[in-house]
Amino acid sequence: MTMQFDFTDKRVLITGSSRGIGFSAARAFLVAGAHVAINGRTDASTAAALTVLGNPEHTVAAPGDVATATGCADIVQAALAGLGRLDVLVNCAGVAKSGPSEAVTEADWDWLVDV
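For what it's worth, my numbering labels the leading residue of the sequence shown as -18, then goes sequentially.
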């Protein structure tokens, strides 16, 4: 059974949508009719995702680092400027550090939690 959702004309901001799960979520929202703000940590990663998505009528760039308050403000400001409003927020940004848990430093932990 295929589930279908209608997000026609809904405005969606997806953090971490330049790749991975966030990118897949962006594709799904676009198929469902949404207008989507694409977020990557850098202008380049965001632009690359927009190019691959290839739907300029329904996508806008909202680059920024979710690990900082300034970055979050920049992301929201760009999304609002491009979409006019926000109806849905999907948080997919994430980072990982591999290795044994006993080797995680306080700085590593702060970095993981900040995102």
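Cβ atoms here follow ideal geometry from the backbone N, Cα and C, with glycine treated the same way. The structure presented is a predicted model; accordingly, all values stated were derived computationally and were not measured.
Look at the beta carbons and you see the segment -17 to -7 not touching the segment 42 to 55: under three pairs across the two are nearer than 8 angstroms. As DSSP reads the structure, Ala42 sits in a beta bridge with Ile19.
Judged by their CB atoms, Ala74 and Val47 are nearer to each other than the 7 angstroms cut-off.
Spanning the alpha carbons of Leu61 and Ala84 requires a straight line of approximately 41 angstroms. Under DSSP, Val69 forms a beta bridge with Val(-7). Under the three-state reduction of DSSP output, Ser5 falls in the helix class.
Nearest neighbour of Ile19 by Cα position, chosen from Ala9, Arg8, Ile2 and Ala42, turns out to be Ala42.
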